[in-house]
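This report concerns only the one structure given below.
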Amino acid sequence: MDPLTRGHVLWHDRPLDVDAMNEAAALMVGEHDFAAYCKKREGATTIRTLQKLSWVRDPASGVLTATVQADAFCHNMVRALIGAALFVGDGRRPAAWPAEVLAAKVRDPGVHVVRPHGLTLEEVAYPADELLAARAAEARNVRTLPGAGCC
């Protein structure tokens, strides 16, 4: 590993299957309750729309890059999603496991929240000015999933 970049890269000591990681990622995309991947915060919603989660290996360096895009993120959500994907990629868990954890809606002790090394915020996109206040309120308010029922 290049010593100049090692503080900006998360090192994983096992070979990773990018196809398995992308298979798992595809099952996570969409609107879900990400409580299993978020640190609980009083009054905050954990329902998010994960718009993109994908993995690409750079052919020259062999470094994997994850792209994670959502309408909003919960505390530790990205780091927990990456941790789950790494367990799939190194063969410790099947590709369906991260979605099974997601469906349980409770923190799973098997999900490792990875260190922030390599986590880089590249862009924050906001809606048009006339939609910004409504979108901010929607992201902060407790949401329910369609068909979730009541009581």
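If you're matching positions, the sequence shown starts at 1 in full-length UniProt numbering and goes up one per residue. A virtual CB, placed ideally from N, CA and C, is assigned to each residue, including glycine.
In angstroms, rounded to a whole number, what distance separates the CA positions of residue i and residue j?
| i | j | result |
| --- | --- | --- |
| residue 107 | residue 77 | 11 Å |
| residue 53 | residue 29 | 7 Å |
| residue 109 | residue 39 | 12 Å |
| residue 71 | residue 2 | 34 Å |
| residue 9 | residue 119 | 8 Å |
| residue 128 | residue 81 | 29 Å |
| residue 44 | residue 135 | 15 Å |
| residue 5 | residue 131 | 39 Å |
| residue 15 | residue 7 | 20 Å |
Let's see if you can read the secondary structure: which residues bound the beta strand (DSSP E) around residue i?
| i | result |
| --- | --- |
| residue 157 | There is no way to answer for residue 157, as the model of the chain reaches only from 1 to 151. |
| residue 55 | 47-57 |
| residue 18 | Where residue 18 is concerned, there is no enclosing beta strand (DSSP E), although the alpha helix (DSSP H) it sits in stretches over 18-26. |
| residue 102 | Element bounds for residue 102: not the beta strand (DSSP E) but the alpha helix (DSSP H), 97-104. |
| residue 65 | 64-70 |
Under the assumption that residue i contacts residue j (Cβ atoms under 8 Å), give the Cβ distance between them as a whole number of angstroms.
| i | j | result |
| --- | --- | --- |
| residue 84 | residue 56 | No, residue 84 and residue 56 are not in contact; Cβ-Cβ is about 18 Å, not under 8 Å. |
| residue 27 | residue 104 | Not quite, the Cβ-Cβ distance comes to about 14 Å (not below 8 Å), so this is no contact. |
Would you say the beta carbon of residue i comes nearer than 7 Å to a heavy atom of the ligand HEM?
| i | result |
| --- | --- |
| residue 44 | Summarising the ligand content, the structure contains no ligands, and the ligand HEM is consequently not present. |
If I follow the unbroken alpha helix (DSSP H) through residue i, where does it start and stop?
| i | result |
| --- | --- |
| residue 121 | First-last for residue 121: undefined, no H or E at that position. |
| residue 92 | That residue, residue 92, is in no alpha helix (DSSP H); it is neither H nor E in DSSP. |
Does the Cβ of residue i have 16 or more other Cβ atoms within 10 Å, making it buried, or fewer, making it exposed?
| i | result |
| --- | --- |
| residue 91 | exposed |
| residue 41 | exposed |
| residue 88 | buried |
| residue 25 | buried |
| residue 121 | exposed |
| residue 86 | buried |
| residue 115 | exposed |
| residue 37 | buried |
For the pair the stretch 54-67 and the stretch 90-98, tell me if three or more CB-CB distances fall below 8 Å.
Flag = no, the stretch 54-67 and the stretch 90-98 do not touch.
Between the stretch 43-53 and the stretch 14-34, can you find at least three pairs of beta-carbon atoms closer than 8 Å?
Remark: three or more beta-carbon pairs, one from each stretch, lie closer than 8 Å, so the stretch 14-34 and the stretch 43-53 are flagged as touching.
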